[in-house]
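Residue numbers (the numbering used here): 23 to 136.
And the structure:
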């Protein structure tokens with residue numbers, strides 16, 4: 023078969039150009055794979071769920087008859103143990119669940135006036 027003289031450099035140029043576009047797109051262009059986009063979507067939805075549950079946590083804290091004692095216990099705990107104290111108080115256990123949620127407890131702790 024008789025191929026034109028420019029075909030071989032043209033194919034090399036197209037392959038190198040495609041690799042260059044892929045590298046630039048994934049590093050600087052913001053392109054992501056399906057797995058990365060799924061991970062980001064899951065993280066965003068988790069953050070939104072936590073944000074929507076904070077008012078429930080605060081309402082449970084406000085309506086708790088032993089609020090003063092539990093707040094005193096939370097305040098008495100060291101900074102890194104306050105989340106666990108809030109979880110022990112039961113305010114991070116959402117209705118319909120059996121166990122407290124650490125992320126909700128952390129977000130609720132930020133909103134409480136300590």
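For each residue, glycine too, the CB sits at the ideal point set by N, CA and C. Here the structure is a predicted model, which means the values were calculated and not measured.
Item: For residue 72 versus residue 117, is the C-beta distance shorter than 9 Å?; Value: no
Item: Around the Cβ of residue 136, are there at least 16 other Cβ atoms within 10 angstroms (buried) or fewer (exposed)?; Value: exposed
Item: Go ahead and pull the three-state DSSP assignment for residue 24.; Value: coil
Item: Do the stretch 102 to 112 and the stretch 52 to 66 meet, that is, are 3 or more Cβ pairs less than 8 Å apart?; Value: no
Item: Grouping DSSP H, G and I as helix and E and B as strand, with all else coil, what is residue 120?; Value: coil
Item: Applying the 10 Å Cβ sphere with the 16-neighbour rule, what's the burial state of residue 126?; Value: buried
Item: Roughly how many angstroms lie between the CA atoms of residue 74 and residue 30, to the nearest whole one?; Value: 59 Å
Item: Which one of 134, 119, 68 and 67 has the shortest CA to CA distance from residue 92?; Value: 134
Item: Beta carbon of residue 54, beta carbon of residue 48: below 9 Å?; Value: yes
Item: Do you know how far the Cα of residue 98 is from the Cα of residue 128?; Value: 16 Å
Item: Just mark residue 38 as buried or exposed, buried being the case when its beta carbon has 16 or more other beta carbons within 10 Å.; Value: exposed
Item: Ignore the nearest five residues each way along the sequence and tell me which others in residue 104's own chain have a CB closer than 7 Å to its CB.; Value: 96 and 131
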